[in-house]
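732 is the number of the first residue of the sequence shown in my numbering; add one for each residue after it. We put the CB at the ideal spot given by N, CA and C, even for glycine.
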Amino acid sequence: MKNFALFGVGGYVAPRHLKAIKETGNQLIAAYDKNDSVGILDQFFPYTKFFTEYELFDRHCTKLKNTEQKIDYLSICTPNYLHDSHIRYGMRLGADIICEKPLVLNPWNIDGLKAIEENTGHKINTILQLRLHPAIKGLKKQIEEGPQDKIYDIDLTYITSRGNWYYASWKGNEQKSGGVATNIGIHFYDMLTYIFGEVKQNVVHVKSHDRVAGYLELKKARIRYFLSINSEHLPKEIKEKGQMTYRSITIEGREIEFSNGFTDLHTESYRQILEGKGFGIEDSRSCISIVHDIRNAQAIGLTGDFHPMAKYPLCVHPFESQRTTPVK
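Shown next as structure tokens:
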């Protein structure tokens, strides 16, 4: 049984980590969040020491370093821009790391973390759960066994609705979150490069507060993508069902179905990590480089091979106006 501490236990993704820690037979010794709406702990680890002040959390964990309750793993579920700092803290604490994606916001941060990993002898693991999805594993095998010179044509569409709260939170601040491509797209970029190889071209057609559309050319794929957090972009049939999320990946016109099977992927990620088979720093480099380049790219508009949904008219930012009419 391993001892865990968790940063960001009040966050959106934290319940998946709590579930994974419990289902892999380990215990949560301490948890930290600056907010105190953490009743979720009662479902998993009601007796965990919980702190809303970083200094008190640090003092508690440091005092445990030479005891049977020393922290073996620090799980990080904090806002994206804090990951680098919190990883470094965990390494100084003498723990291995399990960090939500994105591991960091900039590719050069990876090199700094590699140096710390080498100096401390501790491992930095990241959650890249789509790689463990049965449908994705099957697709990777299919591509590997297919014609080696074939270039596949792919359309990726992912729309996951977010309300006005999004823009008031750290997620709406590109400097803290990395923007839409990072927040909702990074696991897709990772999955695609994992299967189809390294990036040869990265073009951004449209980029705004609520969407990003572009073209990625990989070693074995040409990909048109559209990512959005605007519910107005949902297909009519999805809206009629009352659903708030739509994801579609077509390869050579054939739909790849992987809507199900997400429930236990964090738990499986933890199992792999505990067996020494987790995804490490270098596994994250490609997708982090992609979203960094998208964030810093100049959108070229509707030229070249763009995703059909890139034509949707741009809308005003919710903080600029409460109007939902398109910008002319």
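Q | Own chain partners of K832 with C-beta closer than 8 Å, once the 5 adjacent residues on each side are dropped | A | Same-chain partners within the cutoff: T857, I858, L859, I917, H918, D921, S1015 and C1018.
(Q) Rounded to the nearest angstrom, what separates N757 and N797 at their Cα positions? (A) Distance between the alpha carbons of N757 and N797: 19 Å.
**Q.** Near the ligand NAP: I807 beta-carbon under 7 Å from a heavy atom
**A.** Absence of the ligand NAP from the depicted structure is noted, as is the absence of any ligand whatsoever, leaving it without description.
Q.
Please report the straight-line C-alpha distance between I752 and D803, rounded to a whole angstrom.
A. The straight-line gap from Cα to Cα measures roughly 12 Å.
Q: Look up V937 in the DSSP assignment and say whether it is helix, strand or coil.
A: If DSSP states are grouped into helix, strand and coil, V937 belongs with the strands.
Q | Whole-number beta carbon distance between E983 and D884, since they are thought to touch under 8 Å | A | Taking C-beta atoms under 8 Å as the contact rule, D884 and E983 qualify, at a distance of about 6 Å.
Q) Looking at G739 and T809, is the spacing between their C-beta atoms short of 8 Å? A) Yes; because the gap between Cβ atoms is below 8 Å, this pair is in contact.
Q: Could you pull out every unbroken beta strand (DSSP E) segment of at least 3 residues lying fully inside the region 748-787, listed in chain order?
A: The qualifying runs are 758-763 and 780-782.
**Q.** Three-state secondary structure assigned by DSSP to F1037
**A.** Looking at F1037 - three-state DSSP - the assignment turns out to be coil, as it is neither helix nor strand.
Q: With DSSP collapsed to three states, give me the class of D1061.
A: Limits of the chain in this structure are 732 at one end and 1059 at the other, which puts residue 1061 out of reach.
Q.
Using C-beta distances below 6 Å, list every residue in its chain close to K902, excluding the 5 sequence neighbours before and after it, in chain order.
A. Answer for K902: S908 and N914, listed in chain order.
Q. Considering only residues of the same chain and omitting the five flanking positions on each side of G741, which have a CB-CB separation below 7 Å?
A. Correct list, in chain order: D764, N766, S768 and V769.
**Q.** Neighbourhood of C792 by C-beta, 7 Å cutoff - its chain only, sequence neighbours within 5 removed
**A.** For C792, the CB contacts under 7 Å within the same chain, skipping 5 residues up- and downstream, are A736, A761, I802 and L824 in chain order.
Q.
Please give the ranges of any beta strand (DSSP E) in the region 957-1040, keeping only runs that are unbroken, at least 3 residues long and fully inside the region.
A. Complete beta strand (DSSP E) runs here, min 3: 976-982.
**Q.** Cα-Cα separation, R1054 to F957
**A.** Confidence at R1054 is low in this model, with a pLDDT of 48, below 50, so its placement is unreliable and no value can be given for it.
Q) Span of the alpha helix (DSSP H) holding E948? A) Note, E948: premise wrong, no alpha helix (DSSP H); beta strand (DSSP E) at R942 to L949.
Q) Residues in its own chain within less than 7 Å of A1030 by CB, not counting five upstream and five downstream? A) Here A1030 has V935, H936, V937 and K938 as same chain residues with Cβ atoms under 7 Å from its own Cβ, once five neighbours each way along the sequence are excluded.
Q: Taking S1000 and L863 to be in contact with their CB atoms under 8 Å, please state how far apart those CB atoms are, rounded to whole angstroms.
A: Between the beta-carbon of S1000 and that of L863 there is about 6 Å, and that keeps the pair under the 8 Å contact cut.
Q. Does the beta carbon of E848 sit closer than 8 Å to a beta carbon anywhere in chain E?
A. No chain E appears in this structure, which consists of one protein chain only.
Q. Straight-line CA distance for C830 to R955?
A. So the two alpha carbons sit approximately 29 Å from each other.
Q) Assuming G928 contacts K951 under a Cβ cut-off of 8 Å, what Cβ separation, rounded to an integer in Å, is found between them? A) Their Cβ separation, rounded to whole angstroms, is 5 Å, which keeps G928 and K951 in contact under 8 Å.
Q: In angstroms with no decimal places, state the Cα-to-Cα distance between E875 and D995.
A: C-alpha separation (whole angstroms): 26 Å.
**Q.** Three-state secondary structure assigned by DSSP to K832
**A.** Three-state result, K832: coil.
Q) From T888 to E786, what does the alpha carbon distance come to, in whole angstroms? A) Spanning the two alpha carbons is a distance of roughly 43 Å.
**Q.** Residues of its chain near I987, where Cβ-Cβ distance is below 6 Å and the 5 sequence neighbours each way are ignored
**A.** Exclusion of the five residues before and after I987 leaves I980 as the residues of its chain whose Cβ lies within less than 6 Å of its Cβ.
Q) Among all the DSSP beta bridges, which residues are the ones paired with N734? A) Q758.
Q) Are G1035 and Y946 touching if we call contact CB-CB under 8 Å? A) In contact: G1035 and Y946 (Cβ atoms closer than 8 Å).
Q) Going by DSSP, which residues form a beta bridge with N895? A) None, per the DSSP bridge assignment.
Q. Nearest CA to the CA of L834: which residue from I855, Y820 and S892?
A. Of the candidates I855, Y820 and S892, the one whose C-alpha sits nearest the C-alpha of L834 is I855.
Q | Proximity to N933 [Cα-Cα], best of S962, E948 and L923 | A | Per the Cα distances, E948.
Q | Environment of A846 [buried if 16+ CB atoms lie within 10 Å] | A | The residue in question, A846, is exposed, as its Cβ has fewer than 16 Cβ neighbours within 10 Å.
Q: Kindly indicate which three-state DSSP category N797 falls into: helix, strand or coil?
A: In this structure, N797 counts as coil in the three-state DSSP scheme.
**Q.** Among G910, E968, V943 and S892, the one whose alpha carbon lies nearest that of T976
**A.** Out of G910, E968, V943 and S892, the CA that lies nearest to the CA of T976 is found in S892.
Q: Report yes if the CB atom of L965 is closer than 8 Å to the CB atom of K733, and no otherwise.
A: It is not a contact, given that the beta carbons lie outside the stated cut-off.
Q: Please classify P1057: does DSSP put it in a helix, a strand, or coil?
A: Annotation note: pLDDT 48 at P1057 (below 50); position unreliable, coordinate value reported separately. Residue state, collapsed to three classes: strand.
Q) Between F776 and K931, what straight-line distance do the alpha-carbon atoms span, to the nearest angstrom? A) Those two C-alpha atoms are separated by around 46 Å.
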